[in-house]
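**Student:** According to this note's numbering, the sequence shown is numbered sequentially starting from 82.
Starting off with a structure, shown below.
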Amino acid sequence: MLLAIDTSAGTAVALVADDGRVLAERSTADTRRHAEVIGPFLAEVLHEAGVAAPALSGVVTGIGPGPFTGLRVGIAAARAVALAAGIPLLPVPSHDAVALRLVEGGVAAGRFAVVTDARRREAAITVYAAALPLPTVLEPAHLVPRAGWMPPEGVVAHEAHEIPAAPLAHAALARLAAGLPFPDPQPLYLRAPDVTLSTPKRVTG
């Protein structure tokens, strides 16, 4: 049984059985209240399913792309649950959840791109080839300007305004079943840090 958390856009939490059944889920599209809602969402899904954290087999965390502040709330929450329960932390790129849902739903075929808002007049995109059990990444997540950007020839763009937690868990289950490695649990933040260290002043005698 996997607990899945994503805060790369809004906030989404889901509890998914090993056979893929969704046992409970909560989500909001609000992109500014991750810290306020993550705790209640976690408590509610576990309570609704009648599950205690030690009964989980792993915690899935979406690693973005997304704004750093939002991403670290979800990753920190996932780390805390995994550490407290003594279970694995399973990082999954957030776009993989959308891509898998599109392919499983028959919405995407061939080559396609998942597009999410990156703010600052930019979008984050990942290009995939439709496949199961997991879509194949053709171009890793990267930033493009909102104005004037067109998908490459033969690629259909699908914009996502929310990242669903249940398909994130399904992507993790597919990785586990195929024996595929998981990425590092680091936020996939596509910009350089806004704050840089100043150059130390030189002290002369």
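Even for Gly, the Cβ is constructed at its ideal location relative to N, Cα and C.
If you measure between the beta carbons of A161 and L215, is that distance less than 8 Å?
**Tutor:** Working through the sequence shown from its first residue, we reach residue 161 at position 80. Working through the sequence shown from its first residue, we reach residue 215 at position 134. Cβ distance not < 8 Å, so A161 and L215 don't count as in contact.
**Student:** Taking the alpha carbon of L83 as the reference point, which residue from G91, P232, L127 and E243 has its own alpha carbon closest?
**Tutor:** For the purposes of this step, residue 83 is taken as the residue at position 2 of the sequence shown. The option with the nearest alpha carbon to L83 is L127.
**Student:** Per DSSP, what kind of secondary structure is E106 in: helix, strand or coil?
**Tutor:** For the purposes of this step, residue 106 is identified with residue 25 of the sequence shown, where counting begins at 1. Of the three classes helix, strand and coil, the one that applies to E106 here is strand, per DSSP.
**Student:** Using 10 angstroms around the beta-carbon of P221, count the other beta-carbons present and answer buried if the total reaches 16, otherwise exposed.
**Tutor:** As a working note, residue 221 is residue 140 in the sequence shown. That one is exposed.
**Student:** With distances taken from CA atoms, which of L96, G145, G155 and T142 is nearest A133?
**Tutor:** As a first step, residue 133 must be located in the sequence shown, where it is residue number 52. That would be L96, whose Cα lies nearest to the Cα of A133.
**Student:** Determine which residues share a DSSP beta bridge with P172 and list them.
**Tutor:** On the sequence shown, residue 172 is found 91 positions in, with the first residue counted as 1. For P172, which the question treats as bridged, DSSP gives the partners T142.
**Student:** Taking the beta strand (DSSP E) that R192 belongs to, which residues open and close that run?
**Tutor:** Position 111 of the sequence shown, counted from the first residue, corresponds to residue 192. Taken as a continuous stretch (DSSP letters only), the beta strand (DSSP E) holding R192 covers R192 to D198.
**Student:** What's the C-alpha gap between M231 and R202?
**Tutor:** For the purposes of this step, residue 231 is taken as residue 150 along the sequence shown, with counting starting at 1. For the purposes of this step, residue 202 is taken as residue 121 along the sequence shown, with counting starting at 1. Their backbone Cα atoms lie some 14 Å apart in a straight line.
**Student:** Using the C-alpha atoms, what's the distance from P264 back to S175?
**Tutor:** Within the sequence shown, residue 175 is the residue found at index 94, counting from 1. Within the sequence shown, residue 264 is the residue found at index 183, counting from 1. C-alpha separation (whole angstroms): 12 Å.
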